[in-house]
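Some notes on the structure that comes next.
In our numbering, the protein residues as written are 792 to 899.
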C-alpha cells in the first residue's frame, strides 16, 4: 500500500497506467515482482487484488515464470480486474506495441 500511495498522484486509490508503470519500476527492484508476474501469468488476479502474501517462488515456479509469456487477452483481463481499466483488445495490443517500443529505446 505504501508503494501504491507513493505513485498514486491524484490519491484516488486507482492507478492510471503511468502510475502503474512507476509502481512496476519500483517493484522491479524487488523480488515480489516475480511473484506478481507469476500470478498474472497463471491468471490468479484475485491473489493480486486481495493483497499478496509475499513469498519466494519455488525453483519450479521460477522456471515456469521465465519461459511463459503474457498474452494480450490475459493482459486485458489484468488491466480490467486489477487496475479497473477497461480496454478493447485492439487498445491492449497497441499498448503492448508501445511498451515494446519504449523498452527497445531504453535498451539501446
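We treat Cβ as the ideally placed atom computed from N, Cα and C, and that holds for glycine.
Beta-carbon contacts of residue i that lie in its chain and below 8 angstroms, excluding the five residues immediately before and after
i	result
residue 884	863
residue 859	832
residue 904	Shown here, the chain extends from 792 to 899; a query on residue 904 therefore has no answer.
residue 882	none
residue 850	none
Integer Cβ distance of residue i from residue j, believed to fall under 8 angstroms
i	j	result
residue 870	residue 861	Incorrect: roughly 11 angstroms between the Cβ atoms, too far for contact.
residue 814	residue 794	6 angstroms
residue 812	residue 875	At roughly 16 angstroms, the Cβ-Cβ gap does not stay under 8 angstroms, so residue 812 and residue 875 are not in contact.
residue 872	residue 840	7 angstroms
Classification of residue i by the beta-carbon crowding that lies within 10 angstroms, buried from 16 upward
i	result
residue 867	buried
residue 880	exposed
residue 898	For residue 898, the predicted model reports a pLDDT of 46, less than 50, meaning its position is unreliable; a value from the coordinates is still stated below. With fewer than 16 other Cβ atoms within 10 Å, it is exposed.
Close beta carbons around residue i, own chain, < 6 angstroms, minus the five adjacent residues each side
i	result
residue 818	824
residue 831	869
residue 798	810, 813 and 814
residue 893	none
Neighbourhood of residue i by C-beta, 7 angstroms cutoff - its chain only, sequence neighbours within 5 removed
i	result
residue 848	825, 826, 829 and 856
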